[in-house]
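Residue numbering for the sequence shown follows our numbering, starting at 281 and increasing by one per position.
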Amino acid sequence: MLKPLVKIDIVMAELAALARISEGEPPVVTRVVFSDADLRARQYVKQLCSAARLSIREDAVGNTFVRWEGSESGLAPVATGSHIDAIPNAGAYDGTVGVLGGLEAIRSLQRAGFQPRRSIELILFTSEEPTRFGIGCLGSRMMGGVLSADRARQLRDKQERSLDDLRSSAGFAGGLESVRLGSDTYHAFIELHIEQGPLLERSGTDLGVVTHIAAPASLRVKIEGEGGHAGAMLMPDRHDALAAAAELILALESAAKSTGAIDTVATVGVCEVFPGAVNSVPSQVVLEIDVRDTDAGRRDSVLTSLKRSAAATEGSRGVCISFETVNADPPATCDPRLVEIVEASAAAAGVSSCRMVSRAYHDSLFLARLAPVTMIFIPCRAGVSHRPDEFAEPAAIERGVEVLARTLQTLSR
Ligand code: HGY
Ligand code: MN
Ligand code: MN
281 MLKPLVKIDI VMAELAALAR ISEGEPPVVT RVVFSDADLR ARQYVKQLCS AARLSIREDA
341 VGNTFVRWEG SESGLAPVAT GSHIDAIPNA GAYDGTVGVL GGLEAIRSLQ RAGFQPRRSI
401 ELILFTSEEP TRFGIGCLGS RMMGGVLSAD RARQLRDKQE RSLDDLRSSA GFAGGLESVR
461 LGSDTYHAFI ELHIEQGPLL ERSGTDLGVV THIAAPASLR VKIEGEGGHA GAMLMPDRHD
521 ALAAAAELIL ALESAAKSTG AIDTVATVGV CEVFPGAVNS VPSQVVLEID VRDTDAGRRD
581 SVLTSLKRSA AATEGSRGVC ISFETVNADP PATCDPRLVE IVEASAAAAG VSSCRMVSRA
641 YHDSLFLARL APVTMIFIPC RAGVSHRPDE FAEPAAIERG VEVLARTLQT LSR
């Protein structure tokens, strides 16, 4: 085993440069898929990959495949990667550590004089975040066949722009059917990512090896009541859509808390109020709901309980509540053999590690449909993520990159 020669100063400078490519002022990172910032960021990453003498291919939705050719190119490659798109008001490390850290893992092996037998591929996934189209992991879902080309063609953003329009304006061509990959495409997939939770930092463990990825579901809920004048409409006559929504939000919170499992989480992250005037009784509200659990059945029990509460609210408040399921995915179990290989890589690097669950979803959740997967987590300060103060120590990133490089070496030699 050759010791990977990681140059963490280079990675930190590249992460800082990438963070400055944003629709927000530093330290805010906002980089919504197919936005100008996303396209400039992609350009930046591709320049770094070309400088490392790697070949680059983009598919019809902008999933980007950066390859270090192995000596036996007929063998299925080993892959790593993550995303560089970022939700509004996000930080500099979510996803980017897996892309730039994956690139550095490759460069560190090149510096050590390693020559892979299996090719090693770094993947930059399109639209891991749900911001634009309301569904997460769009690129990896399509690769894994979870989102069909027909269903993808129907996607619209909030300005009613289609995936086809946006991807072709971004310069990505080809039929959407071509994004789907076969289950023999990759030998293994390993994703390096910040934990986005506090457990590693709290336990003082250097690195997490992911054994399961939680099952995410997201829904759009429309509550239709009756609008009217905030002064003249008397309380007994009201069918206030926002008051009904408030009841539903609290019912969701209570349903998630009452499963008795710490892995059950539920969030209402979007609440659109119509007409949205201070002196007008809300006639319509749209909620976007995110419910997750490592156990899909427990997650679905929260959704069943929510729908029961909605029926009661409809009756008591005289409103109409409709549900649209955007996605309801099963959890993923990581490959035990890969988990052991990562643990062995960590031991060889003198890095402490523990097994853990990922409560955030990742592209690995859908690559698991195609190949054996696992993830390498590094601690982030106070577990903060999806905020501008998201932070990972250079030493933590360096450990993660070295363990990823060792793992890629083991799997590709
Ligand atoms: O929401 C998630 O779990 C991921 O960060 N997109
Ligand atoms: Mn994220
Ligand atoms: Mn992420």
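For each residue, glycine too, the CB sits at the ideal point set by N, CA and C.
(message) Let's see if you can read the secondary structure: which residues bound the alpha helix (DSSP H) around Met515?
(response) Counting from 1 along the sequence shown, the entry for residue 515 is found at position 235. No alpha helix (DSSP H) holds Met515; DSSP gives it neither H nor E.
(request) Assuming Val490 contacts Cys614 (C-beta within less than 8 Å), just tell me the rounded distance between them. (result) Working through the sequence shown from its first residue, we reach residue 490 at position 210. Working through the sequence shown from its first residue, we reach residue 614 at position 334. 6 Å between Cβ atoms; contact.
(message) Measuring straight from C-alpha to C-alpha, what distance separates Val631 and Thr485?
(response) The residue labelled residue 631 in the question sits at position 351 within the sequence shown. The residue labelled residue 485 in the question sits at position 205 within the sequence shown. Between Val631 and Thr485, the C-alpha separation is close to 8 Å.
(message) Here's a check: name, in chain order, each residue in its chain whose Cβ is nearer than 6 Å to the Cβ of Glu352, leaving out the five neighbours to either side.
(response) As a working note, residue 352 is residue 72 in the sequence shown. Excluding residues within five positions, the ones whose Cβ falls inside 6 Å are Arg397.
(request) Could you spell out where the alpha helix (DSSP H) holding Gln434 opens and where it closes? (result) Residue numbering aside, residue 434 sits at position 154 when the sequence shown is read from its first letter. Gln434 -> no alpha helix (DSSP H), and no H or E assigned at all.
(request) Closer than 5 Å is what we want: which residues have a beta carbon that near any heavy atom of ligand 3? List them in chain order. (result) Asp374, Gly375
(message) Rounded to whole angstroms, what is the Cα-Cα separation between Glu440 and Gln434?
(response) In the sequence shown, residue 440 corresponds to position 160, counting from 1. In the sequence shown, residue 434 corresponds to position 154, counting from 1. Looking at the two C-alpha atoms, the distance is approximately 10 Å.
(request) Count the CB pairs spanning the region 374–390 and the region 676–693 that are closer than 8 Å, and state whether there are at least three. (result) yes
(message) Count Cβ pairs between the region 301–310 and the region 358–376 that sit closer than 8 Å; are there 3 or more?
(response) yes
(message) As an exercise, report each continuous beta strand (DSSP E) stretch of at least 3 residues that is fully enclosed by the region 282–336, in chain order.
(response) 309–311
(request) May I ask which residues mark the beginning and end of the alpha helix (DSSP H) holding Asp573? (result) Your numbering for residue 573 matches position 293 in the sequence shown. Note, Asp573: premise wrong, no alpha helix (DSSP H); beta strand (DSSP E) at 564–573.
(request) Could you name the residues of the same chain whose beta carbon sits closer than 7 Å to that of Phe452, not counting the 5 residues immediately before and after it, in chain order? (result) Locating residue 452 in the sequence shown gives position 172, counting from the first residue. Excluding residues within five positions, the ones whose Cβ falls inside 7 Å are Glu338, Ala340, Val341, Gly342.
(message) Please state whether the Cβ-Cβ distance between Leu487 and Phe345 is less than 8 Å.
(response) Taking the first residue of the sequence shown as 1, we reach residue 487 at position 207. Taking the first residue of the sequence shown as 1, we reach residue 345 at position 65. Contact flag unset, no.
(request) For Gly508, name the three-state secondary structure that DSSP assigns. (result) If you number the sequence shown from 1, residue 508 lands on position 228. It is a strand residue.
(message) Quick check on the burial criterion: 16 or more other C-beta atoms within 10 angstroms. Buried or exposed for Thr584?
(response) As a first step, residue 584 is located in the sequence shown; it is residue number 304 there, counting from the start. With fewer than 16 other Cβ atoms within 10 Å, it is exposed.
(request) Taking only the alpha-carbon atoms, compute the straight-line gap between Ala356 and Leu650 and give it to the nearest angstrom. (result) Counting from one through the sequence shown, the residue named residue 356 turns up at place 76. Counting from one through the sequence shown, the residue named residue 650 turns up at place 370. The alpha-carbon atoms of Ala356 and Leu650 are separated by roughly 12 Å.
(message) Using the three-state DSSP reduction, which class does Pro674 fall into: helix, strand or coil?
(response) Here residue 674 corresponds to residue number 394 of the sequence shown, with the count starting at 1. Three-state DSSP puts Pro674 in a helix.
(message) At a cut-off of 7 Å, would you count Ile367 as near ligand 4, judging by its Cβ distance to the nearest heavy atom?
(response) Ligand 4 is not among the ligands present in this structure, which contains only ligand 1, ligand 2 and ligand 3.
(request) Measure the beta-carbon distance from Ser638 to Ile493 and round it to whole angstroms, keeping in mind my assumption that it falls under 8 Å. (result) As a position in the sequence shown, residue 638 is number 358, starting the count at 1. As a position in the sequence shown, residue 493 is number 213, starting the count at 1. The Cβ separation is near 5 Å, so the contact holds.
(request) Return yes when the Cβ of Ile290 is within less than 8 Å of the Cβ of Val325, no when it is not. (result) As a working note, residue 325 is residue 45 in the sequence shown. As a working note, residue 290 is residue 10 in the sequence shown. Not a contact, by the Cβ cut-off of 8 Å.
(message) Just to confirm, is the Cβ distance from Arg572 to Val599 under 8 Å?
(response) Counting from 1 along the sequence shown, the entry for residue 572 is found at position 292. Counting from 1 along the sequence shown, the entry for residue 599 is found at position 319. Contact: no.
(message) DSSP three-state label for Val338, please.
(response) For the purposes of this step, residue 338 is taken as residue 58 along the sequence shown, with counting starting at 1. Val is not the amino acid found at residue 338; the sequence shown has Glu there. It is a strand residue.
(request) Flag Glu303 as yes when its Cβ comes closer than 7 Å to any non-hydrogen atom of ligand 2, and as no otherwise. (result) As a first step, residue 303 must be located in the sequence shown, where it is residue number 23. Glu303: no, Cβ never under 7 Å from ligand 2.
(request) Could you please give me the residues that DSSP links to Cys551 through a beta bridge? (result) Start at 1 with the first residue of the sequence shown, and residue 551 comes out as number 271. BP columns for Cys551 point to Leu567.
(request) Check whether the Cβ atoms of Ser362 and Glu471 lie closer than 8 Å to each other. (result) Position 82 of the sequence shown, counted from the start, is the residue given in the question as residue 362. Position 191 of the sequence shown, counted from the start, is the residue given in the question as residue 471. Their beta carbons are under 8 Å apart, which means Ser362 touches Glu471 by this criterion.
(message) ligand 1 and Glu568: does any heavy atom of the ligand fall closer than 7 Å to the residue's C-beta?
(response) Residue 568 sits at position 288 when you count from the first residue of the sequence shown. Outside the cutoff, so no.
(message) So if DSSP puts Lys537 in a beta bridge, which residue, or which two residues, is it bridged to?
(response) In the sequence shown, the residue the question calls residue 537 occupies position 257. DSSP lists no partner for Lys537.
(message) Checking the sheet assignment: what are the DSSP bridge partners for Phe646?
(response) On the sequence shown, residue 646 is found 366 positions in, with the first residue counted as 1. Its beta-bridge partners do not exist; DSSP assigns none.
(message) Does the structure place the region 580–597 close enough to the region 521–533 that three or more beta carbon pairs sit under 8 Å?
(response) yes
(message) Let's see if you can read the secondary structure: which residues bound the beta strand (DSSP E) around Glu481?
(response) Translated into positions along the sequence shown, residue 481 becomes position 201. Element bounds for Glu481: not the beta strand (DSSP E) but the alpha helix (DSSP H), 479–483.
(message) Let me check understanding here. Comparing Cα to Cα, which of Pro659, Ala629, Ala628 lies closest to Met636?
(response) Walking along the sequence shown from the start, residue 636 turns up at place 356. The candidate whose alpha carbon is nearest that of Met636 is Pro659.
(request) Closer than 7 Å by C-beta to Thr654: which residues in its own chain qualify, once you throw out the five before and the five after it? Chain order, please. (result) Reading the sequence shown from its first residue, position 374 is the one you call residue 654. Cβ within range, chain order: Ile470, Val489, Val490, Cys614, Asp615, Leu618, Val619, Val622.
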